[in-house]
């Protein structure tokens, strides 16, 4: 067995022949959004803070995320943790990860989200909207990158979301 095949087995990666709709959608999302991702300054301190965030609303978001986390399929969660751990080992000096790691993370997140009840995902989404306001943050963040790449990433994300939702329990 080759090293790559062994590593894939350990990390829980499915060979392409066994990929499912979420994996396929994660590949499409990753390829469409990677140009946008590469434009982000991942070393910026803006990603380490929540400007103007209300602490009570942050706690409400954390609570909803913990409730959702308790419902997650443990095998899917483990794959997600391992995908993130692998990616951390490949972060470059700009804070960027390689496309294959990004794709593995997106696939893992898709399977994790599909393993929880839809209402819990919506609860987290709504609570996050109370913490990070699109009108306060979205336009500013979009101004830092190529608008076309941001739009392509946004469109691809919503297509991915639809595939995950269709697989959701």
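Residue numbers (our numbering): -12 to 156.
Every residue, glycine too, gets a C-beta built ideally from N, C-alpha and C.
It should be emphasised that the depicted structure is a prediction, and the values quoted were computed from it without experimental measurement.
query	result
According to DSSP, simplified to helix, strand and coil, what is residue 77?	coil
Using alpha carbons as the reference points, say which of 80, 119, 145 and 138 lies closest to residue 33.	119
If you reduce the DSSP assignment to three classes, tell me which class residue 30 lands in.	coil
From the DSSP output, in three-state form, read off residue 104 for me.	coil
Which same chain residues, not among the five before or five after residue 137, have their C-beta less than 6 Å away from its C-beta?	23 and 129
Secondary structure at residue 137, three-state DSSP: helix, strand or coil?	helix
Counting only the same chain and skipping the five closest in sequence on each side, list residues whose C-beta sits under 7 Å from that of residue 13.	90, 93, 94, 97 and 147
From residue 50 to residue 131, what distance separates their C-alpha atoms?	31 Å
Taking the C-alpha atoms as reference points, what is the distance between residue 8 and residue 150?	7 Å
Taking C-alpha atoms, which residue in 16, 85, 28 and 107 lies nearest to residue 133?	28
Does the region 109 to 127 touch the region 59 to 79, meaning 3 or more C-beta pairs lie closer than 8 Å?	no
Alpha helix (DSSP H) containing residue 128: first to last residue?	121 to 129
Does DSSP put residue 97 in a helix, a strand or coil?	helix
Whole angstroms are fine: how far does the CA of residue 81 sit from the CA of residue 43?	33 Å
Leaving out the 5 sequence neighbours to the left and right, which residues in its chain are closer than 6 Å to residue -4 when beta-carbon positions are compared?	Below a pLDDT of 50, predicted positions are generally treated as unreliable, and residue -4, at 38, falls in that range; the measurement from the model is reported next regardless. Correct list: empty, nothing qualifies.
Quick one: Cα of residue 153 to Cα of residue 40, how far?	33 Å
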